[in-house]
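Q:
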Amino acid sequence: MTLKTTRPRTAFFAGHRKLPSDTESIAAALKNELIMLIESGYRFFGAGGATGFDTVAALAVLELREIYPHIRLILVLPHRAQAKHWSKKNVAVYEDTKSRADKVVYISDEFTKDCVYRRNRHFINESGVCICYLSREDSGTEKTVRAARKEGLQIINIAEKAGLQIKVKRFT
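Mind the numbering: the sequence shown is residues 679 to 850 in the numbering used here, read in order.
1) Runs of 3 residues minimum, wholly inside the segment 718-745: which ones carry the beta strand (DSSP E) assignment?
2) Looking only at C-alpha atoms, which of TYR795, VAL734, GLU741 sits nearest to ALA826?
3) Which parts of the segment 757-829 are runs of the alpha helix (DSSP H), unbroken and 4 residues or longer, counting only runs that do not cross its ends?
4) Figure out for me which residue from VAL782, THR819, GLU815 has the closest Cα to the Cα of HIS757.
5) Return the residue from the list ALA735, HIS694, THR688, ARG797 that minimises the CA-CA distance to ALA707.
6) Which term fits ILE716, buried or exposed, when burial requires 16 or more other beta carbons within 10 angstroms of its beta carbon?
7) Three-state secondary structure (DSSP) at VAL846?
8) To which residues of the same chain is TYR746 closer than 7 Å at the C-beta, ignoring the five residues directly before and after it?
9) Output needed for ALA837: all residues of its chain with C-beta closer than 7 Å, excluding positions within five of it in sequence on either side, in chain order.
10) Can you give the Cα-Cα distance for ARG824 and ALA779, rounded to whole angstroms?
11) Could you tell me the boundaries of the alpha helix (DSSP H) in which ILE836 lies?
12) Taking buried to mean at least 16 other C-beta atoms within 10 Å of its own C-beta, is SER718 buried or exposed?
13) Can you tell which of PHE690, GLY730, PHE691 has its C-alpha closest to the C-alpha of SER699?
14) Please classify SER765 as buried or exposed, where buried requires at least 16 other C-beta atoms within 10 Å of its C-beta.
15) Is the beta carbon of TYR772 sitting closer than 8 Å to the one on GLY724?
16) Looking only at its chain, what residues have a beta carbon closer than 8 Å to the beta carbon of THR701, apart from the 5 residues adjacent to it on each side?
17) Note down, in chain order, each residue of its chain lying with its Cβ closer than 6 Å to the Cβ of MET679, except the 5 sequence neighbours on either side.
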């Protein structure tokens, strides 16, 4: 299979909103993969701004940006009220992340049935790599990762890299 190369220096994140309590091992494995990508020329990293893996990934990019100031965090958010029903703590992290991102794009002003799907398609169309946290089947993450693989993107599953138990058929 030929990997997609139209955006060779762009990667995006896809992952579950609920993560195991040990997010430190997830963040460590993610940073290792990000460093390898950055040192091989990747510069742009897209995150969807959701709780869970999106947040861990965005914070990792922001941390690494201190060492690699040329990298960019691009938040592509499905709609403007994404955090409307979140806890105060999650909203505070979300707002801080948005304020430090290099670019924030909204797919829709309001929630629509397909705004998350359109956000995910945007990432797939503009990226060469999908960095995911995929540990279970029958999820939106699995659908996004399968679509990314079908389009020829390289898939890096942090759940596997972190040595965590996963409940999905190995396809990365």
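Yeah, the Cβ is synthetic: ideal placement off N, Cα and C, and Gly gets one too.
A: The answer reads as follows:
1) Taking only runs of at least 3 residues, the beta strand (DSSP E) segments lying wholly in the segment 718-745 are 722-725.
2) TYR795
3) 766-778, 793-804, 818-828
4) VAL782
5) ALA735
6) buried
7) Unreliable placement is indicated for VAL846, whose pLDDT of 49 sits below 50; no coordinate value is reported for it.
8) The residues are ILE716.
9) Closer than 7 Å at the Cβ level, and outside the excluded window around ALA837, lie TYR811, LEU812, SER813, ILE844.
10) 27 Å
11) Start and end: 836-839.
12) exposed
13) GLY730
14) The residue in question, SER765, is exposed, as its Cβ has fewer than 16 Cβ neighbours within 10 Å.
15) It is not a contact, given that the beta carbons lie outside the stated cut-off.
16) VAL734
17) Low local confidence applies: a pLDDT of 43 at MET679 is under 50, so the model's placement there is unreliable, with the coordinate-based value given in what follows. Taken in chain order, the list of residues that qualify is empty.
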